[in-house]
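J.: In full-length UniProt numbering, the protein residues as written are 1 to 265.
Dropping a structure here in structure tokens format, bear with me for questions.
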């Protein structure tokens with residue numbers, strides 16, 4: 001049995017059914033992780049250790065709980081602190097991994113001595129009834145030779161569910177910023193790249209990334225995005241290529257505004 005020195009960290013909140021599907025995709029990995037850490041971020045019905053009953057016996061299972069919801073940033077940071085693996089792979093509780101994800105990324109991380117490896121993904125859009133509407137492949141590459149300029153131009157790395165990252169590198173930059181209501185992944189990547197950590201991607205679609213077309217969710221996302229953008233710009237205002245960051249975030253907010261308007265038509 002192939003094993004990767006990887007801790008899987010899954011933050012969850014009131015999504016037990018989705019969580020079970022996400023966990024099942026980890027159990028089916030060609031190369032298994034050494035541990036799975038689920039951080040229950042104050043779910044109304046607390047998550048039980050029974051969720052691990054169908055998992056391979058070789059994996060160490062850890063269930064952590066926040067009595068009240070503190071947000072995904074805090075949950076991920078708690079998982080980082082508890083992790084014992086050399087690498088950490090994050091998985092949102094409504095996303096699903098391809099069976100070769102850990103195997104492929106672990107090999108790339110080791111062979112290229114990377115600090116972070118991201119992957120391609122299938123973006124799966126669901127309607128308000130959670131029926132699948134659309135599926136499309138997505139993978140972005142750095143636009144410029146300078147990784148700093150590239151990350152300030154756009155978040156080419158994407159969702160945390162696509163990444164495998166060295167625990168020591170995460171600790172080195174202080175983990176996720178708990179003050180960010182959104183864009184927490186993007187803000188982390190900016191700090192990693194400007195700190196000189198080595199990052200690369202694999203184009204294979206190694207996860208299904210879920211998007212739900214619910215009107216309330218779209219509105220809430222827009223409000224959080226505007227607040228987070230202000231914090232992002234203030235925090236990184238003295239970095240090189242700051243103008244690229246301003247322009248990229250204006251484009252993101254405009255796109256989200258269009259989505260919100262379409263949802264109400």
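Backbone N, C-alpha and C define an ideal beta-carbon position, used for all residues, glycine too.
Keep in mind that this is a model prediction, so the values were computed, not measured.
Per DSSP, which residues does residue 205 bridge with? Please list them.
T.: BP columns for residue 205 point to 120.
J.: Mind checking residue 174: buried by the 16 CB within 10 Å criterion, or exposed?
T.: So residue 174 ends up on the exposed side.
J.: Beta carbon of residue 93, beta carbon of residue 159: below 7 Å?
T.: Contact: no.
J.: Report yes if the CB atom of residue 9 is closer than 7 Å to the CB atom of residue 79, and no otherwise.
T.: Yes. Within cutoff.
J.: Given residue 83, which residues of its chain have a CB within under 8 Å of its CB, disregarding the five upstream and five downstream residues?
T.: The residues are 7, 9, 35, 37 and 167.
J.: From the DSSP secondary-structure annotation, give me the bridge partner or partners of residue 4.
T.: According to DSSP, residue 4 bridges with 33.
J.: Count the other CB atoms, across all protein chains shown, that sit within 10 Å of the CB of residue 243; report buried if there are 16 or more and exposed otherwise.
T.: Classification of residue 243: exposed, given that the 10 Å Cβ count is below 16.
J.: According to the Cβ coordinates, are residue 206 and residue 98 closer than 7 Å?
T.: Contact flag set, yes.
J.: Here's the rule: buried if 16 or more other CB atoms are within 10 angstroms of the residue's CB, otherwise exposed. What is residue 109?
T.: By the neighbour-count rule (16 or more Cβ atoms within 10 Å), residue 109 is buried.
J.: From this set, 64, 212, 187 and 24, which residue's C-alpha is nearest residue 40's C-alpha?
T.: When each option's Cα is compared against that of residue 40, the closest is 64.
J.: Considering Cα atoms alone, identify which of 100, 212, 164 and 202 is closest to residue 189.
T.: Cα-wise, what sits closest to residue 189 is 164.
J.: Do you know how far the Cα of residue 28 is from the Cα of residue 52?
T.: Rounded to the nearest angstrom, the two C-alpha atoms are 13 Å apart.
J.: Using DSSP's beta-bridge definition, name the partner residues of residue 166.
T.: Note: residue 166 sits in a beta bridge opposite 87.
J.: Taking residue 183 as the reference, give the member of 151, 131 and 66 with the closest Cα.
T.: Among 151, 131 and 66, the Cα nearest to that of residue 183 is on 151.
J.: For the candidate residues 246, 101, 70 and 132, whose alpha-carbon lies nearest to that of residue 204?
T.: Ranking the options by Cα distance to residue 204, first place goes to 101.
J.: Which partner residues does residue 138 have in the DSSP bridge list?
T.: Paired residues: 121.
J.: Once you ignore the five residues that flank residue 154 on each side, which residues in its own chain have a CB closer than 6 Å to its CB?
T.: For residue 154, where only same-chain residues beyond five positions count, the Cβ hits under 6 Å are 248.
J.: For the putative contact between residue 119 and residue 202, defined by C-beta atoms under 8 Å, what is the C-beta separation to the nearest angstrom?
T.: Yes, they are in contact, since the Cβ atoms of residue 119 and residue 202 sit about 5 Å apart, within 8 Å.
J.: Which residue's Cα is closest to the Cα of residue 137: 131, 70 and 125?
T.: The option with the nearest alpha carbon to residue 137 is 125.
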